[in-house]
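The numbers in the working numbering rise by one with no breaks, and the one at position 8 of the sequence shown is 8. Every residue gets a Cβ at the ideal spot worked out from N, C-alpha and C, and that includes glycine.
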Amino acid sequence: MKPSKLQQHLNTKHATLSKKPIEYFERLLQTSNKEKNTLEKYVTLNDKYLLASYEVSYLIAKTKKPFTIGEQLLLPAAIRMSEIVHGKQYAAEISKIPLSNDTVSKRISDISNDQFQQLLMRLKDSSKFAIQLDESTDI
């Protein structure tokens, strides 16, 4: 926008702020950026926990073990190992990974659906795929 239009907007829509010094707005911008960075850091951590949960759920599904093994064996074992090797701080971080029975079940279902969708996309994109139908009438 043109500076003149910005000035007019400031004077008409935000009359109480038009008399504030530039330092006020710079400080406001810095505060906003700090909050944004904190939120991004928090979201990144949650994404890491989510990814770890999916990876462990995938391993549970591959080994065909009961879904409860995640919270009954794997999570306590991982916490104990990290306490021994790295200390309690890392153990607290590992304990935030969701591995309950219902969570693992949902993750495995999500992974299964995603793999099915990927297969369908590959088949649709393939030029060498055709459906073969058996037209025999004997039952």
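The C-beta distance from residue 108 to residue 53 rounds to 11 Å, too long to meet the 8 Å contact threshold. Per DSSP, residue 3 is one residue of the alpha helix (DSSP H) stretching across 3-13. Here residue 78 is buried. Its C-beta has 16 or more other C-beta atoms within 10 Å. With respect to the 8 Å criterion, residue 82 and residue 91 are classified as neighbours on the basis of their beta carbons. The beta carbon of residue 97 lies closer than 6 Å to those of 49, 52 and 53 in the same chain, with the five residues before and after it left out. It is roughly 18 Å from the alpha-carbon of residue 15 to the alpha-carbon of residue 26. The alpha-carbon of residue 10 is positioned some 22 Å away from that of residue 33. For residue 119, the enclosing alpha helix (DSSP H) starts and ends at 101-125.
Judged by DSSP in its simplified three-state form, residue 67 adopts coil rather than helix or strand. Counting only residues of its own chain and dropping the five nearest sequence neighbours on each side, residue 94 has a CB closer than 8 Å to the CB of 75, 78, 79 and 82. Taking a 10 Å sphere around the C-beta of residue 85, we find fewer than 16 other C-beta atoms and assign the residue as exposed.
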